Amino acid sequence: MSKNFDVVVIGGGPGGYIAAIRAAQLGFNTACIDEWKNEKGGPAPGGTCTNVGCIPSKALLQSSEHYEHASHGFAEHGIEVKGLGLNLEKMLGRKNTVVKQNNDGILYLFKKNKVSFFHGRGSFVKGDANGYEIKVAGAAEETITAKHVIVATGSNARALPGAEFDEKLILSNTGALSITEVPKKLGVIGAGVIGLEMGSVWRRLGAEVTVLEALADLPGCSGRADRQGSPEAADQARPGREPGCEDRRHQGWARTAFPSNTPMPRATPTPANSTS
């Protein structure tokens, strides 16, 4: 494998791997460095979106929707389901399979477009007028050079002061996608896309979910879509919702689920089993 490249992309998320593929398509000798590992220690390109964000979240949304239809919706159509059960381990296993399929798909696209892939952590060693020297710390440490470098390292979930993630009771998006038992009560701090999706998944599976959000509208939507979509989204998800948490000392609360034909009240503060 060549060690001298026109373009090196550090980070294999949606920004990074697409940039690498496009650079290769334009004729540049291109490499992509990504350190994400799967459960077996193998490469798992795709970044947060593929591994602990959009893709696994959508997989669980689909599975939980099927469960909700079977437990509530089928009866309206004259379909009776007896002995309905939830195999959460299998549901999470399917989610992991979907993630791996996407990881493998990205690796295939790298190969198809002749992008050299390095599994490890990339860091700058030095740079001069001729380009940059980059160290790749992986299973075997190696050094490559690049005329141009694209840094697409993404971001991590931010913990609140005094409420660091233990991925057991206080969860980041990573932990929220791998809960091994449906919590009785779940508080979700932040009504962004991932927060609302995770709240929807665990509510469908039986948790009592409360979303805490400082803004009056749902940040998971925006602009005109927010104003038009928020009531419908709130009615569909039906979590308890406690707005106005502006003091930066958020706590997780939960309430008993309420019927869909009643107005959404303010949540009664009771400690949640888990927060995300």
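Each residue of the sequence shown is one higher than the one before, starting from 1 at the first, in the UniProt record's numbering.
Just so it is clear, CB atoms sit at the ideal spot from N, CA and C, and this is done for glycine as well.
Note that the structure is a prediction, hence the values are computed from the model and not measured.
Distances from the alpha-carbon of Thr210 to those of Glu197, Leu86, Ile170 and Val188 put Val188 closest. Going by DSSP, Gly127 is part of the beta strand (DSSP E) stretching over Ser116 to Asp128.
Taking the CA atoms as reference points, Gly12 sits about 6 Å from Gly47. Rounded to whole angstroms, the Cβ separation of Ser57 and Ile194 is 6 Å, and the two are in contact under 8 Å. Assigned with DSSP and collapsed to three states, Ala20 falls in helix. Contact annotation: the region 140-147 touches the region 3-12, with at least three C-beta pairs closer than 8 Å.
The beta carbons of Val99 and Ile55 sit closer together than 8 Å.
Distance from the CA atom of Arg94 to the CA atom of Tyr17, rounded to whole angstroms, is 24 Å. When C-beta atoms of the region 153-170 are compared with those of the region 65-73, fewer than three pairs fall below 8 Å, so the two segments do not count as touching.
Going by DSSP, Lys135 is part of the beta strand (DSSP E) stretching over Gly131 to Gly138.
With a 10 Å radius around the Cβ and a threshold of 16 neighbouring Cβ atoms, Gly199 comes out buried.
Here Ile150 really is in contact with Ala19; their C-beta atoms are around 5 Å apart, less than 8 Å.
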